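Peer 1:
Numbering (mature numbering (1 follows the signal peptide of the UniProt record, and there is no 0)), first residue to last: -22 to -1, 1 to 848.
#1: To which residues of the same chain is residue 770 closer than 6 angstroms at the C-beta, ignoring the five residues directly before and after it?
#2: Helix, strand or coil: which one does DSSP assign to residue 717?
#3: Roughly how many whole angstroms lie between the Cα atoms of residue 853 and residue 690?
#4: For residue 818, which residues from the same chain have a beta carbon less than 6 angstroms from its beta carbon, with the 5 sequence-adjacent residues on both sides left out?
#5: Please list the terminal residues of the continuous beta strand (DSSP E) segment that includes residue 114.
#6: Classify residue 50: buried if its beta carbon has 16 or more other beta carbons within 10 angstroms, exposed otherwise.
#7: Any contact of the stretch 290 to 298 with the stretch 347 to 360, i.e. 3+ C-beta pairs under 8 angstroms?
#8: Rounded to a whole number of angstroms, what is the C-alpha to C-alpha distance between residue 358 and residue 78?
#9: Which residue wins for smallest C-alpha separation from residue 693, given the options 668, 669, 679, 719?
#10: How close, in whole Å, do the beta carbons of residue 687 and residue 724 come, if the pair is a contact with beta carbons under 8 angstroms?
#11: Which residue or residues does DSSP assign as beta-bridge partners of residue 193?
#12: Between which two residues does the alpha helix (DSSP H) carrying residue 786 extend?
#13: For residue 776 and residue 21, I'd like the C-alpha separation in whole angstroms.
#14: Could you give the C-beta distance for residue 63 and residue 103, rounded to a whole number, given that I count them as a contact under 8 angstroms?
#15: Look at the Cβ atom of residue 28, then the Cβ atom of residue 6, and state whether they are nearer than 8 angstroms.
#16: Within 10 angstroms of the Cβ of residue 355, are there 16 or more other Cβ atoms? Answer buried if so, exposed if not.
#17: Where does residue 433 fall in DSSP's three states?
#18: Give me the Cα-Cα distance between residue 833 and residue 441, rounded to the nearest whole angstrom.
#19: Using the beta-carbon count (16 or more within 10 Å), is residue 774 buried or exposed?
#20: Does the beta-carbon of residue 187 have 16 or more other beta-carbons within 10 angstroms, so that it is buried, or is it exposed?
#21: On a CA-only basis, which of 381, 387, 385 is nearest residue 394? Give me that one, please.
#22: Once you ignore the five residues that flank residue 662 on each side, which residues in its own chain have a CB closer than 7 angstroms to its CB?
#23: For the beta strand (DSSP E) containing residue 407, list its first residue and its last residue.
#24: Would the stretch 268 to 276 count as touching the stretch 286 to 295 if we require 3 or more Cβ pairs under 8 angstroms?
#25: Rounded to whole angstroms, how far is the Cβ of residue 281 from the Cβ of residue 238, which I believe are closer than 8 angstroms?
#26: By the 10 Å Cβ neighbour count, where 16 or more other Cβ atoms means buried, how is residue 342 classified, buried or exposed?
#27: Look up residue 241 in the DSSP assignment and say whether it is helix, strand or coil.
#28: Please report how far the alpha carbon of residue 88 lies from the alpha carbon of residue 71, in whole angstroms.
#29: Against chain D, with Cβ distances strictly below 8 angstroms, would residue 83 count as a contact?
#30: Report the rounded CA-to-CA distance for residue 171 versus residue 197, giving the unit in angstroms.
#31: To the nearest angstrom, report how far apart residue 90 and residue 41 are at their CA atoms.
#32: Could you check how far apart the C-beta atoms of residue 425 and residue 311 are, in whole angstroms? I think they sit under 8 angstroms.
#33: Report, in whole angstroms, the separation of the C-beta atoms of residue 26 and residue 159, which I expect to be a contact under 8 angstroms.
#34: Can you give me the C-alpha to C-alpha distance between residue 671 and residue 787, rounded to a whole angstrom?
#35: Identify the continuous beta strand (DSSP E) that holds residue 5 and give its terminal residues.
#36: Excluding the five sequence neighbours on either side, which residues of its own chain have a C-beta within less than 8 angstroms of the C-beta of residue 294, listed in chain order?
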């Protein structure tokens, strides 16, 4: 959801004099409506009810979206069946207006929601007050007229944050009550609470609402961190959640209702529910809010205790565990130390620290909150080993909260609850290690949340890496099937064996009525774009092609992860083998190679569609650690695969899918086997590392010497031309290790020396170099097809890739894959292909090393000498 507003409502109140107008308090959770399965809809309602919520405020952004009615049906069916749980519509007209701006049909404001209200207001689980269905929105301009279209038959309690008179509590006669959104977090752009956890703004609004016989719903939230959808913003969490719990229970008698923000808004990080993959399908937010690493469900027992106390009108000191345990609670902290520095290969809005974080970034402690059962003897304590030193704090009955002593350190974070005898009865031990670097390429401000569990845990933490969004996360997928119309495209069954040399696959494609199929797929993908069926042995060509394409993407990601894992485990061996000085870090000016040779491997057209990466071809970044470089290459390769997948399965434009599959290639089952993706990925991965290690040597640079002769005795390094004192030649062993013969030419992959040792000849002012102009490259003798350590990469693979690119570029260096605007790569023969790295590591452009003859290379060496002399 957007970071400025939300819209909601409440119900179940009557006008009474006194501290509260509500007959009975109730608690709601803000629910982002998206694509969901029936099973997950039911689980959400069951979990929310168990947490003490009375209902969901259903945030609906674009009421014209195709999934809305289906998702609403699942939720209302589940709520009707379970009972005791209500749902009501919250019209997000800001989001619907934004959708209209981007070409959707939701351009009529609240009128577009009319059908939803009319269809579902009569359901038994639709939340009502005084027999009137509840509905919500914000911005009171023209709302009177809209309300009249529904004969005023509603209980209307919107969020009017940032509208005239709202903070002075003059809502007029339009509303039945008020709800705030901004006050859940500290002030931003002039709106919000004074500090994390402060409730003074809510007190003022609630008092004003009651003065006008209106109800008030107070917001409660964990934090707000959004780093996606062209927004990067942070509003502090810290101890805000338990502090607002305390303030609401102890100070806000005027609060009639509470709404938790939110149940399931993953991209804004203030979720407490399980995040379902069908509703969280975008790669950028997945980095910081995926369920595997950033599970927030451990907060539910704490919130359940609060909900019970709120509805019972008891103070925070009377909060009690709702599961009968001695205590419930959670620990939370960021995944990175405060001194971690991100050096992104490409700078975007997402790679910088988020807006609003400056005042809070250095406050990087481990926070906790515990509710202790009443009636226990004194002496319970909490021990925190999550900071600069161990810290102990006494616990009392009810709500407790605090933090570790000093900022978190790299590694595991641990907290223990001790009974009066000093015995550990519960502990929280982080499942993910705090990292001192920047493994995800972003300043991740979301929290790792860990529940307090019985006993002492000795589990180890797992490292945080770049989490790749699964492409087939949805188990339940409605596959289009053949109906009664046997002429429909779904009924045109084609087997791969139908393809023959006598009839073009494209002709079969047309016979399968696939142009019609593509239109249907466009609608289908819009609903299920992250869940394309992975494989079909037989079936329609459209479905089979889609399945096999997606299988290739899965295989690519698996290969990338495998290569990353192998590279990480072999980093010490790598340093010893290929880096000029293993005792030093790889200090590298990463020039355009990583942008043009890796990022642009997907082709210029597709790459431009990758919204979360903006290529800056002249960007240079220093990488000081091989581990960081491995992570960078992993991220780049993963992004490239995701970019192509997005282009294939783009619900707004199926033309690329059509252009790629009409050849019939994707109908064949042998595509993945033919590509040999694990081998290719390892060779490309290690090749990138090795090439950059060679470039990182400050004393030399790699070069390929080309000779127009393929004789076995060719040795250009035996040439001694020039005045006495010029550099000596390569020795025979280095010459043979560098040699490769192809196309009637002989190539030598060597390094050209940047001279570091100078002498004066015979007392003159002429400086000459004592070093050889050319030397053997580090580790080149280890590059053998039998060497499994480096994926079987050979110098021949490297030279073939460079030579093919040289020829494709008109016999010139500087070949760039991104110049292919038709989204294709070329194999070593120059033929367009439909896959990444069609010739494996020998694909033109995978390696970027200059080719020249000996004299040109030597003149460049001599020129560098001359330049230094001057």
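Backbone N, C-alpha and C fix where the C-beta goes; we use that ideal spot for every residue, glycine too. In this text, all values refer to a predicted model and were calculated from it rather than measured experimentally.
Peer 2: If we stick to the structure as given:
#1: Hits under 6 angstroms: 763.
#2: Here DSSP, grouped into helix, strand and coil, assigns residue 717 to strand.
#3: Residue 853 cannot be examined here, being either before or after the span of the chain that is shown, -22 to 848.
#4: Apart from the 5 residues on each side of it in sequence, residue 818 sits with its Cβ closer than 6 angstroms to the Cβ of 658 in its chain, given in chain order.
#5: The continuous beta strand (DSSP E) containing residue 114 extends over residues 110 to 114.
#6: Per the 10 Å Cβ criterion, buried.
#7: In this structure the stretch 290 to 298 touches the stretch 347 to 360; the number of beta carbon pairs closer than 8 angstroms is three or more.
#8: Whole-angstrom Cα-Cα distance: 57 angstroms.
#9: The residue from 668, 669, 679, 719 with its alpha-carbon nearest to that of residue 693 is 719.
#10: Confirmed, about 6 angstroms.
#11: According to DSSP, residue 193 bridges with 155.
#12: Per DSSP, residue 786 is one residue of the alpha helix (DSSP H) stretching across 773 to 786.
#13: One Cα belongs to residue 776, the other to residue 21, and the distance between them is close to 53 angstroms.
#14: Confirmed, about 7 angstroms.
#15: Not closer than 8 angstroms, so no.
#16: Under this definition residue 355 is an exposed residue.
#17: If DSSP states are grouped into helix, strand and coil, residue 433 belongs with coil.
#18: For residue 833 and residue 441, the distance between alpha carbons rounds to 50 angstroms.
#19: Buried, since its Cβ has 16 or more Cβ neighbours within 10 Å.
#20: Classification of residue 187: buried, given that the 10 Å Cβ count is 16 or more.
#21: Of the listed residues, the one whose Cα sits closest to residue 394 is 381.
#22: The answer, listed in chain order, is 815, 819, 824.
#23: Start and end: 402 to 407.
#24: With fewer than three CB-CB distances shorter than 8 angstroms, the stretch 268 to 276 does not count as touching the stretch 286 to 295.
#25: Between residue 281 and residue 238, the beta carbon gap of about 7 angstroms places them in contact (Cβ cut-off 8 angstroms).
#26: When all chains shown are included, residue 342 counts as buried.
#27: Reduced to three states, the DSSP call for residue 241 is coil.
#28: Spanning the two alpha carbons is a distance of roughly 7 angstroms.
#29: In the structure shown, chain D does not exist; there is a single protein chain.
#30: If you take the alpha carbons of residue 171 and residue 197, they lie about 11 angstroms apart.
#31: Rounded to the nearest angstrom, the two C-alpha atoms are 6 angstroms apart.
#32: With 8 angstroms as the limit, residue 425 and residue 311 qualify as a contact, their Cβ atoms being about 6 angstroms apart.
#33: Going by Cβ atoms, the distance from residue 26 to residue 159 rounds to 19 angstroms, so no, they are not a contact pair.
#34: About 25 angstroms.
#35: Here the beta strand (DSSP E) through residue 5 covers 4 to 10.
#36: Result list for residue 294: 223, 224, 227, 228, 287, 376, 377, in chain order.
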